[in-house]
Structures are given as C-alpha cells and as structure tokens.
Amino acid sequence: MPVDEISKRQLAILHAVISEFLGRDLSAVPSSIVVRRYKINACPATVRNEMAQLEKHGLLKKSHISSGRVPSDLGIKYFLRNILTEVEIPQEFAQSVETAITESTGAYERLTNISTLLSVYIDEPVFCFFKNITITKGLYRVSKYEELLDSDTLTSLLHFLENKTHFDNLVKNTTNVVFTIIGKDLKYLDLENIAIVAKKFTGKNGTPGYIGVISSKRFNYSKVIPAVRFIGDLLDNKV
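Numbered according to my numbering, the sequence shown spans residues 23 to 261.
Here it is, written out as structure tokens:
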C-alpha cells in the first residue's frame, strides 16, 4: 500500500504502536499509551478510531484480550519499508569484524568468528550457511522472548536451522540485498512469531552463502538490518 494512502496521523500512530511492540512485550498497545508517550495530537477516542482504520488496512490487528492493537506482519513490513531509521554501525564493531576477516584462516573459522561478533553486537541468534557449513551462534538468546519458549516453537526453530533445504526454497530467488522474511511467510509450522533478516554473499569461487538473524519478529530491526548488510558485504569474495 502506498504511503500516501494513510494520513500523517495514522502513520504516527502506526509508528507508535510498532515502537511499543518491538523489543518489549506482547501486550496490545492501547490508545492511551500512544497519546501519552508519543505526543499524538488527538484524544484517545480519536486514536482508537484511527487504529480501527489501520486495522482495516491490515497494518494492525486487535488483541483477543484487550482493546489495544498490535502490528500485523504486513504492518511490520510496511514499517520496515517506509518508517524505519537504521542505526549507524559503530566504528569499534566495524573494526572488529574487519580484523576477524583478515586474521581468521579458512572459511569455517572466518564465518564462525564473524557470526559470534554479530550475535554479541545485536544480542540475537545468528546463522550462517555456506557450502556444507552450517553455523549457529547465540541460540540461547531466544529465551528473552516469551513467545518463543514453548516446546513446539523451539522444536520448529531448531529443525528449520538443521534443514537447510527449507531455507534454500525460501531464498532461491533472492538477490544480494538484505531481505526480511516475517511470520507466516516462513511457511513453516509454529514459526509465525519468527522473523529472519539475512544477506546473501558470494564466495571466492562463486558459491552463494547466507548470514543472518533468526529470532522473534519483535527484535530491533533498526540495529539488525544495517549490521547484517555490513557483514554480508564484507564477506563477498572473502571465503
């Protein structure tokens, strides 16, 4: 949906709801929070009406247990395309990654060291697929998200990472830009609360590889996306 099809106030409300949702908890966001914390120039009743319009557009959805709203997968995608402000890569992190690429010997060591650095920096689980190499780092970090702690979700997540064929089917038409796959787009059982941000890179012999983040769809996209892009770009022709 083009950005000019929703009003500036609706855009501000959408931004507020998603900002509350990402990285915090699963609670539905009420209109009172939007007005108080984000200085929306409207009363709570007006904000509720605007939320209802955003729900009709498919960008928000209503919680079953309260009158507030949470973003839909479509709403998160809209946010990423039209609203997101990316965090600048810190010089210290950039230097540590470049050093790891230069000083590591062999593809496995290089990808392992870089995956570890990325996981620590963004505080999320990281995966890397290259040839017959599969690397995962920081999987324990999913424990900070309550929606990922049930056994079915954890089982599906681990099976997804061990079964590269499913991932390959999802990314077979992917270009070298950073891509995001959210919720039901993963087309995999019990991963509706998961999102992937990943980057394709090319090895020295032309072999494709992928490095990315797989975690709750509530993670910090503004930090994750530029970090994944930065590392994916650096890995081109380095393994």
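Glycine included, every Cβ here is placed at the ideal spot set by N, Cα and C.
Residue i versus the options, residue with shortest Cα-Cα distance
i: R251; options: E110, G228, H37 and S94; result: E110
i: S165; options: P147, T158 and L96; result: P147
i: F189; options: E168, F151, D47 and F223; result: F151
i: N154; options: N185, G160 and N195; result: N185
i: K245; options: N104, V219 and S53; result: V219
Beta-carbon proximity of residue i to residue j, cut-off 9 Å
i: L256; j: V119; result: yes
i: F182; j: L213; result: yes
i: T175; j: E169; result: yes
i: R31; j: I62; result: yes
i: D95; j: D172; result: no
i: S137; j: T121; result: no
Where residue i falls: helix, strand or coil (DSSP)
i: P52; result: coil
i: K186; result: helix
i: I264; result: A question about residue 264 goes unanswered here, because the residues of the chain that appear run from 23 up to 261.
i: T175; result: helix
i: G254; result: helix
i: M23; result: At M23 the pLDDT is 47, less than 50, meaning the model places this residue with poor confidence; the figure from the coordinates comes in the next sentence. M23: coil per DSSP, three-state reduction.
i: I203; result: strand
i: S29; result: coil
i: Y60; result: helix
i: T197; result: coil
i: V142; result: helix
Beta bridge counterpart(s) of residue i as assigned by DSSP
i: T158; result: F149
i: K222; result: Y232
i: S238; result: I216
Residue ranges of each alpha helix (DSSP H) run of no fewer than 4 residues wholly in the stretch 71-139, ordered along the chain? Listed in chain order, the complete alpha helix (DSSP H) runs (minimum 4 residues) inside the stretch 71-139 are 95-104 and 113-125.
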